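So the sequences go chain by chain: U and L.
For the first sequence, position 113 matches number 113 in the working numbering, and the numbering has no gaps at all.
To convert, count from 1 in the second sequence and add 322; that's the working numbering.
Only one structure is covered here, and it is reproduced in the block below.
Number of protein chains: 2
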Amino acid sequence: MTQQKSETLPRQLALLRATEFHAALLEQQLIIPSEVRGCYGRGAVFEHILECFDALVMRCDEARLAEKMTFPPIVARRMIEELGYLESFPQLIGSIHSFFGSEAVAREMAGRAADGQRWEDLLDITEVMLLPAACYPVYPAFSGLLPNSGRTVTVKGWCYRHEPSDEPTRLQSFRMREFIRVGTPSVVEQWRDEWLLRGMALLSSLGLPVQRDVANDPFFGRNGRMLANSQREQRLKFEIMVPVIAQQPPTAICSFNWHQEHFTSKFNIRIEGGEGSTPAHTACLGFGLERVVLALLATHGLRLGDWPPEVLSTLRIDASLT
Amino acid sequence: MTQQKSETLPRQLALLRATEFHAALLEQQLIIPSEVRGCYGRGAVFEHILECFDALVMRCDEARLAEKMTFPPIVARRMIEELGYLESFPQLIGSIHSFFGSEAVAREMAGRAADGQRWEDLLDITEVMLLPAACYPVYPAFSGLLPNSGRTVTVKGWCYRHEPSDEPTRLQSFRMREFIRVGTPSVVEQWRDEWLLRGMALLSSLGLPVQRDVANDPFFGRNGRMLANSQREQRLKFEIMVPVIAQQPPTAICSFNWHQEHFTSKFNIRIEGGEGSTPAHTACLGFGLERVVLALLATHGLRLGDWPPEVLSTLRIDASLT
């Protein structure tokens, strides 16, 4: 019982703090209310901070050298099926369905909706699903034989995860700035290690009390716990975290994934080697852009005027907003 | 027969031109291939042009004065139902479904997908659908009694329309920069008229051979033709067009919609008047950002180095890319 109590109280406090934080964000017009949980709009100041942080990341030498690609928030259904996403994260998917029927069926559908009845059985699937991670569409573009030096790409995109929540840092739809490296295993691992240091330094320079740790993805079910343990044991995922809602657990604002051959084997991505070609490795890192903004607001206050001047100047925040 | 022939030949030529244009965009790495029609990625130069055009729009005095809001590419299902979108555009919707089941059902779902069988009957609806127009989430934020001067908002967002096509200007997922005005009927109409002139001038300043005309939305079915005719007769929709794929029909790159009380009646948006309050009107205009980029590429050529210097300088295109 003692153990149960000691788990419950911090959770209740975190829930209270989440509710208070959400209310304060609304009151300051940093966010715009929505009737759907995890789906709020971003006000002008929130969005400006987000853009300034993204621009700061993109001013790094390593970011400027990356190839820039941009993808829509939807992705081929077949890709989600083939990458094993349905096994690992079925609870997070967003499958897109549309209407292919006649005028008579359309009238029935609209009529049912007007009467508050269910109408979705009249739909059929499209070829697309919602993009769960900004980097997914990049991997097919690597298919084939790459030069030994590999490639580095950056994307900024909207991701969807079906996890409705009142917690302001857990959004159903959010943006990630990602960097993706494909190359030989040693090149990819070193790149990941360097970005881990760079990410820590960059976020620390904004006064954020960052910590980093080995982490795991939210794999589904009992089988998922095994996958999560294996991912931790192999140290394939790291996260940089900052207290936002609570000191414990802090909120992940940047994550690093070393996929090894997960993507390269599916898309036949190979690297030129001394003696013929070898399978490539990939790794990626992503800044959760809304979460970085929320971490900054939680750390420095909800009014830009209260922020440390050096943070405002590092981010090049528009002085008229402070 | 003569009439049928004269319709068919231009259509065949347009199809050929669309295929050639798509191939040329791919070859110049302006776009990145996708296995799904209307779902290609945007290369670095394409995206830079898009960002430069959006920044040009946002440098207008009228744009800078607008309140900035940002919304995710998903919207409350209830809003789509209540706004009559299912009656008017059922063929364009994107309904988002996810997985709410047990581990056993998740295993069945993943197994079916691996065997190439259908698995979507194991899903259920979420509270959200894809956003069909960037301005939709703005209207609920206006609810209530507004000052007599009304409000002006700008948003940039990803829109979804289920209309898979090989025609590069017809995307399933694309961005719009929109401006939305709420106010008294006369204020709103005048604002729309001024933006029509401003939009023509702005696009002309980029060397685009623009024309404008009354237009209609792609309402569904037989009933939809009546709605379209009524919309035209009342001159509620205008479009600015540029030849991209063919001289005829040119491609709409900016559209203007005067909704009258369509949104304000649903969300109870009223305006302070001399004697009590009156129902407000709304209007919006949207630049189809990908279409503007494609119009610029079709007009000035696929290499930035070939573009007129004054267009490059008006857009503040990064000289290192030319």
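Where is the CB? At the ideal position from N, CA and C, for every residue including glycine.
Just so you know, these numbers come straight off a predicted model, no measurement behind them.
Opposite residue i in the DSSP bridges: which residues?
{"i": "F287 (chain U)", "result": "U:R177, U:C254"}
{"i": "H281 (chain U)", "result": "U:G183"}
{"i": "M241 (chain U)", "result": "U:Q211, U:A252"}
{"i": "G466 (chain L)", "result": "L:I591"}
{"i": "W441 (chain L)", "result": "Per DSSP, none; premise fails for W441 (chain L)."}
Apart from the five residues just before and just after residue i, which ones in its own chain have a Cβ nearer than 7 Å to its Cβ?
{"i": "G94 (chain U)", "result": "M129, L130, Y160, H162"}
{"i": "Q413 (chain L)", "result": "H484, F542"}
{"i": "H622 (chain L)", "result": "G529, D628, W629, P630, V633"}
{"i": "L26 (chain U)", "result": "P33"}
{"i": "A346 (chain L)", "result": "L624"}
{"i": "A336 (chain L)", "result": "I567, A568"}
Which same chain residues, not among the five before or five after residue i, have their C-beta less than 6 Å away from its C-beta?
{"i": "H97 (chain U)", "result": "L123, I125"}
{"i": "S646 (chain L)", "result": "The first residue shown for chain L is 323 and the last is 644, placing residue 646 (chain L) beyond what the model contains."}
{"i": "W580 (chain L)", "result": "R514, L558, A605"}
{"i": "F263 (chain U)", "result": "Y139, T282"}
{"i": "Q231 (chain U)", "result": "N216, K237"}
{"i": "E261 (chain U)", "result": "P279"}
{"i": "T474 (chain L)", "result": "A388, R503"}
{"i": "F21 (chain U)", "result": "P168"}
{"i": "V532 (chain L)", "result": "M522, L525, S526, I562, V564"}
Of the choices the options, whose alpha-carbon is the least far from that of residue i?
{"i": "L352 (chain L)", "options": "L:L518, L:S577, L:I371", "result": "L:I371"}
{"i": "G529 (chain L)", "options": "L:R386, L:Y458, L:P631", "result": "L:P631"}
{"i": "G43 (chain U)", "options": "L:R440, L:L493, L:V460", "result": "L:V460"}
{"i": "A133 (chain U)", "options": "U:L15, U:V182, U:V75, U:L315", "result": "U:V75"}
{"i": "G276 (chain U)", "options": "U:T19, U:L145, U:T70, U:L15", "result": "U:L145"}
{"i": "I575 (chain L)", "options": "L:L348, L:V475, L:F375", "result": "L:F375"}
{"i": "V510 (chain L)", "options": "L:P601, L:M431, L:S465", "result": "L:P601"}
{"i": "S465 (chain L)", "options": "L:M498, L:E389, L:E430, L:N590", "result": "L:N590"}
{"i": "P507 (chain L)", "options": "L:P486, L:D443, L:S527, L:N470", "result": "L:N470"}
{"i": "E35 (chain U)", "options": "L:I639, L:A463, L:T341", "result": "L:A463"}
{"i": "T154 (chain U)", "options": "U:D166, U:M58, U:D217", "result": "U:M58"}
{"i": "F287 (chain U)", "options": "U:P209, U:K266, U:F256", "result": "U:F256"}
{"i": "Q512 (chain L)", "options": "L:R339, L:L607, L:E342, L:T341", "result": "L:L607"}
{"i": "F560 (chain L)", "options": "L:M522, L:E583, L:R592", "result": "L:M522"}
{"i": "L643 (chain L)", "options": "L:A340, L:G433, L:S587, L:F368", "result": "L:F368"}
{"i": "F100 (chain U)", "options": "U:L197, U:A228, U:A215, U:D121", "result": "U:D121"}
{"i": "G360 (chain L)", "options": "L:W480, L:L518, L:R399, L:L493", "result": "L:L493"}
{"i": "M431 (chain L)", "options": "L:S424, L:D437, L:W441, L:E425", "result": "L:W441"}
{"i": "R429 (chain L)", "options": "U:G224, U:T8, U:Q211, U:Q260", "result": "U:G224"}
{"i": "D213 (chain U)", "options": "U:L196, U:E103, U:A66, U:S204", "result": "U:L196"}
{"i": "D61 (chain U)", "options": "U:E194, U:T8, U:R112", "result": "U:E194"}
{"i": "V504 (chain L)", "options": "L:I593, L:L619, L:L525, L:R339", "result": "L:I593"}
{"i": "P394 (chain L)", "options": "L:A436, L:Y458, L:R339", "result": "L:Y458"}
Per DSSP, what kind of secondary structure is residue i in: helix, strand or coil?
{"i": "Y136 (chain U)", "result": "helix"}
{"i": "T2 (chain U)", "result": "At T2 (chain U), the pLDDT of 41 sits below 50, so the modelled position is not reliable; the number obtained from the coordinates is stated separately. Looking at T2 (chain U) - three-state DSSP - the assignment turns out to be helix."}
{"i": "R225 (chain U)", "result": "helix"}
{"i": "Q260 (chain U)", "result": "strand"}
{"i": "L171 (chain U)", "result": "coil"}
{"i": "E275 (chain U)", "result": "coil"}
{"i": "G305 (chain U)", "result": "helix"}
{"i": "T8 (chain U)", "result": "helix"}
{"i": "G199 (chain U)", "result": "helix"}
{"i": "W191 (chain U)", "result": "helix"}
{"i": "E127 (chain U)", "result": "strand"}
{"i": "T644 (chain L)", "result": "coil"}
{"i": "R557 (chain L)", "result": "coil"}
{"i": "R151 (chain U)", "result": "strand"}
Would the C-beta of residue i count as close to the ligand GTP, meaning under 7 Å from any of its heavy atoms?
{"i": "P185 (chain U)", "result": "Ligands in the displayed structure: none, and consequently the ligand GTP is not present."}
Leaving aside the five residues before and after residue i along the sequence, list all residues of the same chain whose C-beta is less than 8 Å from its C-beta, in chain order.
{"i": "Q248 (chain U)", "result": "P10"}
{"i": "T251 (chain U)", "result": "T169, M241, V242, P243, V244, I245, R291, L294, A295"}
{"i": "K156 (chain U)", "result": "D54, T70, A134, R175, M176, R177, E178, L289"}
{"i": "K327 (chain L)", "result": "Residue confidence for K327 (chain L) is low, a pLDDT of 48 falling below 50, so the modelled location carries little weight; the figure read from the coordinates is stated next. Cβ within range, chain order: n/a, list empty."}
{"i": "S205 (chain U)", "result": "T314"}
At which residue ranges does the region 349–432 of chain L contain complete beta strand (DSSP E) runs of 3 or more residues, listed in the order of the chain?
389–391, 396–398, 417–420
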